[in-house]
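Residue numbers (this note's numbering), protein chains in the order written: chain A, 50 to 386; chain B, 14 to 93; chain C, 655 to 1137. Here a beta-carbon is modelled for each residue, glycine too, at the ideal position from N, C-alpha and C.
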Amino acid sequence: MRVFSLKLLLFFLSIEILLRVCSYLVPYWYRQAEHDVRRNPVKYIFIGSSRVASSIVPVVFAQAMGDTNITSAAINMGTGHSTLAEHYLGLQKIAAAMPEGLKGVTVFFEAPQGVPSLESWRDSWFHPDNPYLLVNTIGFPDLQLFWMKSTSDFDQKLMVTGAMFSEAIAMQGNGKVLLARMKKNILQNRVKVAPEKVVLSASGNVRTDEAGIQNARRLALNFVKNHMKHERLINIQSSNEMIIKSLNDYINVKGGRLVLYRMPVSSVWNQYYTTSIGRENRNIANDLLTDWAIPMLNPSIKTDDDDFPDYWHLRKSRASEFTQSLAQAYTEFKKKH
Amino acid sequence: MTTMEQLNVIFKTVFDDDDIMITPEMTANDVDGWDSLSHINLITTVEARFSIRFSQKELLTQKNVGDLIRDIESKLAAGN
Amino acid sequence: MLFNSLKYLLFLPSVYVVYYFVGERVRWCVLLAASLLFYAALNIPYLPIVLSLVALTTYSFGIWLDRAESHRSKRTLLWGGVTANVLILVCMKYLPFLSSNLNTVSAWFSVCNFSPAIFPTLVSIGVSYYVFQAISYLIDIYLEIEKPELHFGYFALYLSFFPKLLQGPIERSSDLIPQLKNRYEFNYDNMRFGLLLFTWGFFKKVVIADRLGFYADTVYNDVHAYTGLSLLFGTYAYAFQIYMDFSGYTDMALGSARLFNINLTQNFNSPYLATSVADFWRRWHISFSRWILDYIFKPLQMRWRDSKNWGTAAALIIAFLISGLWHGASWGFVIWGGLHGLYMACSAIWKPYQKRLYKALRVEKTPYLKSWQIFITFNLVSLAWVFFRANSLDDALYVVLNLIHRPVSNRIIDMLIGTGINQYNLMVLSISLVLILLVHFQSGKVRFTNCPTWFRWGVYFLLTLWVILFQAEGAASFLYLRF
């Protein structure tokens, strides 16, 4: 029995070590960012969903802001299925990796139709389709709060916790991602940039094939329909538990600044703020942001439905323009403040 | 002829094989073509040849040739 | 809890550790408690109650049956016990189906305007399996080939032993109870083999079955969007999906049980290599088909033996209709069973002529005949799977009628891409299937334990990493769980 147990332990340890090495060699998202900012401190961080991923071009932004390190001054952390909780936790990692915390750093967060996500710590901290994003950002000190506050179901919480201890659990099903990242790392210098056949940027897990686009459209319509059925008024009492407030406080404490910007959307989403509940929600959101002194930028770009091929994401050909108009809005803001 | 010998003749006929030599330990696994479908032919032939009638219980508990012989002989002895 | 969940991967070793360190006399308690916990983890409160009910009823009837003197009282007790179990099963699974069909019938005849009772659809995971075990236990006592188990703990464990609780195999008391009572001694080979088998089953389920499921589900959840070869491939994909899924589960069950030195019955034996439908049933879900054979088919066949082949045919059809119905309360399952019954009945009647035909054509015992038989059998079985899988009778009929239609596009790639299966999945699937074939053809020739250490450890690593990295996205629960 002893021999068997030892051999078994040895076996699992080897698997664990092997996977940890793989994961260390090909880090992604915040773990990669953490790694990168140690060498090249960053000044502009863009967080949010896949909308941010496809509409912001970091190099263009840094250039428009007149920065000398245009390849590393700005990073785009937008990813599909990410939650604000994950971004908060991820920013903690970045702040810890830079010598001066977030001093002089601006964090940009999207506000579709002028209203940012008002997720609370009591919601699920991860999107059920991708719990690994939380695994990528959560740290051991956060575990207690995770178990007490967030409302995901037991099995998923167990899985996230397990994934923090064991790389084997975290890597479940990630063969494809691992292979893709390894391929990217190896082929980095030899990858040819595809011509403008692709209408959407594939970053942040956006599907760019025709079937994927059709699928995304269906999803958007269902999403809106569902939202309209379950419309609720924002609960002001729980505003203290809103992640965006914690985020703002945290960034300020670390010496940085949180800035929101109006994110253009396709007309599919117009229904959100046309009902009476919707209008009231918009007012509540605006009041909260004013109370917390979180500024809202208004990029002057004009878009129409044609610019959102799958109803969610901005067309690739307009991303640079959008980024520049955002940089311009920020520059003007800085002059006044 | 003993019961065993008579049964052997029946086996040869039902399974169309002149080389069969039955033993008490023999089961369906040992004879080519002896499955639940041909088993019923075996049983009806045995019942007709010996003029006996097995009960459900006997039929469901016979595990090998030995059991079959035992049941045949007990039926014959009971004058069934 | 499901075998392919983190909870179970933590549960199993914990149970083993506790089992290993407690005294011999309490070991059955550990297993029984673990089994109840395992069942309760499904979060369906009435299920453990149903299990207890079945256990208590069957245990009592078993003892009374054995003590009964007269033949008539034995018969009464047998029917009593069996009926009680069947009633429990019917209440759990079939009430909504029965009542909705009764309503349809009464609507046709505009008979009595009774307001239909609405029966809730109850979850009945595991019930079909241990109720069948209970019935086999009672019948074996009646036939006097088994003695009743007097120790309630062991009896309850026989019904509820967690590796086989949710999806079988359906164990005979003579096979399982003696093993449960054996003294446990650490057996290195069993531990090693158990873990390997478990991982192998895991591989079949999460890497292969779930991936095949992507394709089969896409086609079967929207049959009218497909035609011709897509439907054919979708059906073949399902045939392999259900095999990999169920045999994967069985391997995990057998592997788990092996850790405790318990050998559960083999449920599969390369079913798609069967040369006839009868042969298929000797290789597919073996514990279940043996149960049907011993407790439904044989008694009926014996009862009707005077009607020769027609008696056999009738017994076959009824046995298979019941098989179909056991899987669930829907006409799809009944038709699936009926089809198999028909195949078997025809085969029974046609067999003697078939033998003569092969002899005349001089193809007996040639490899061509065997390949032909395998091909035909696989297609007959797949045809029946259409009814098993389709979401409605309508869908099933559509599939059957459109199987041999001209496809929209002649390129296979187009057909596959339309259904969402991508290059990456195909690649993983192909490699995995090659692995399966390799193992299948090698396992007859070489014993794994005789291979050198580096080879064995290489296999352990490869298999474990493969399972971890290439799990199909979106954990799907086992297909046979809902039966």
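Between residue i and residue j, how many whole angstroms is the CB-CB distance? I'm expecting something under 8 Å.
i	j	result
residue 1126 (chain C)	residue 860 (chain C)	6 Å
residue 993 (chain C)	residue 928 (chain C)	The pair is not a contact, with the Cβ atoms about 16 Å apart (cut-off 8 Å).
residue 785 (chain C)	residue 743 (chain C)	5 Å
residue 1032 (chain C)	residue 926 (chain C)	5 Å
residue 168 (chain A)	residue 134 (chain A)	7 Å
residue 317 (chain A)	residue 270 (chain A)	7 Å
residue 1091 (chain C)	residue 220 (chain A)	Actually they do not touch by this definition, with Cβ atoms about 27 Å apart.
residue 822 (chain C)	residue 783 (chain C)	5 Å
residue 368 (chain A)	residue 103 (chain A)	7 Å
residue 280 (chain A)	residue 218 (chain A)	38 Å between Cβ atoms; not a contact.
Counting along the chain, where does the alpha helix (DSSP H) carrying residue i start and finish?
i	result
residue 870 (chain C)	864 to 874
residue 856 (chain C)	842 to 856
residue 974 (chain C)	962 to 981
residue 339 (chain A)	325 to 340
residue 904 (chain C)	883 to 912
residue 793 (chain C)	781 to 796
residue 147 (chain A)	Taken as a continuous stretch (DSSP letters only), residue 147 (chain A) belongs to no alpha helix (DSSP H), as it is neither H nor E.
residue 1102 (chain C)	No alpha helix (DSSP H) holds residue 1102 (chain C); DSSP gives it neither H nor E.
residue 930 (chain C)	Looking at the DSSP string, residue 930 (chain C) is not in any alpha helix (DSSP H), and its letter there is neither H nor E.
Does DSSP classify residue i as helix, strand or coil?
i	result
residue 96 (chain A)	strand
residue 345 (chain A)	strand
residue 42 (chain A)	Absent from the structure is residue 42 (chain A), since the part of chain A shown begins at 50 and ends at 386.
residue 30 (chain B)	coil
residue 312 (chain A)	strand
residue 1133 (chain C)	helix
residue 68 (chain B)	coil
residue 242 (chain A)	Interpretation of residue 242 (chain A) is limited by its pLDDT of 42, a score under 50 that renders its predicted location unreliable; the figure taken from the coordinates is listed afterwards. DSSP places residue 242 (chain A) in coil when its eight states are reduced to three.
residue 160 (chain A)	strand
residue 936 (chain C)	coil
residue 169 (chain A)	strand
residue 1057 (chain C)	coil
residue 307 (chain A)	strand
residue 956 (chain C)	helix
residue 208 (chain A)	helix
residue 291 (chain A)	strand
residue 1020 (chain C)	coil
residue 117 (chain A)	coil
residue 1118 (chain C)	helix
residue 155 (chain A)	strand
residue 744 (chain C)	helix
Since residue i is in the beta strand (DSSP E), which residue starts that stretch and which ends it?
i	result
residue 123 (chain A)	123 to 125
residue 693 (chain C)	Element bounds for residue 693 (chain C): not the beta strand (DSSP E) but the alpha helix (DSSP H), 681 to 694.
Name the chain A residues that come within less than 8 Å of residue i, Cβ to Cβ?
i	result
residue 661 (chain C)	204, 207
residue 895 (chain C)	None at all; the shortest Cβ gap to chain A is about 18 Å.
residue 1127 (chain C)	222
Could you work out which residues of chain B lie near residue i, taking near to mean beta carbons separated by less than 9 Å?
i	result
residue 1002 (chain C)	50
Can you name the residues of chain C whose CB is closer than 8 Å to the CB of residue i?
i	result
residue 65 (chain B)	Within chain C, no residue comes near residue 65 (chain B); the closest Cβ sits about 13 Å away, beyond 8 Å.
residue 64 (chain A)	1115, 1118, 1119, 1122
residue 103 (chain B)	This structure leaves residue 103 (chain B) out entirely; chain B is present only between 14 and 93.
So which residues on chain A does residue i lean against when the C-beta distance must stay under 9 Å?
i	result
residue 842 (chain C)	50, 52, 53
residue 1008 (chain C)	Result: empty, since nearest Cβ-Cβ is about 48 Å, beyond 9 Å.
List the residues of chain E whose Cβ lies closer than 9 Å to the Cβ of residue i, in chain order.
i	result
residue 966 (chain C)	The structure shown contains no chain E; its protein chains are A, B and C.
Would you mind telling me which residues of chain B sit closer than 7 Å to residue i, beta carbon to beta carbon, in chain order?
i	result
residue 799 (chain C)	74
Starting from the beta carbon of residue i, find every residue of chain C whose beta carbon is closer than 7 Å, and list them in chain order.
i	result
residue 211 (chain A)	660
residue 19 (chain B)	By Cβ distance, chain C contributes nothing, its closest Cβ being about 20 Å from residue 19 (chain B), past 7 Å.
residue 70 (chain B)	797
Which chain B residues sit within Cβ distance under 8 Å of residue i?
i	result
residue 951 (chain C)	49
residue 955 (chain C)	49, 53
Residues of chain A with a CB under 7 Å from the CB of residue i: which are they?
i	result
residue 1078 (chain C)	225
Please list, in chain order, the residues of the region 216 to 233 of chain A that have any C-beta partner in chain C closer than 7 Å. 217, 218, 220, 221, 222, 223, 224, 225, 227
Taking only beta carbons into account, state which residues of the region 923 to 942 of chain C come closer than 8 Å to chain B, listed in chain order. 932
Of all the residues that make up the region 116 to 142 of chain A, which are near chain C by a beta-carbon distance shorter than 9 Å? none
Against chain C, which members of the region 161 to 186 of chain A pass a CB distance test of less than 7 Å? Within the region 161 to 186 of chain A, no residue has a Cβ that lies closer than 7 Å to any Cβ of chain C.
Mind checking the region 58 to 92 of chain A against chain C and listing, in chain order, the residues whose C-beta falls within less than 8 Å of any C-beta there? 60, 63, 64, 67, 68
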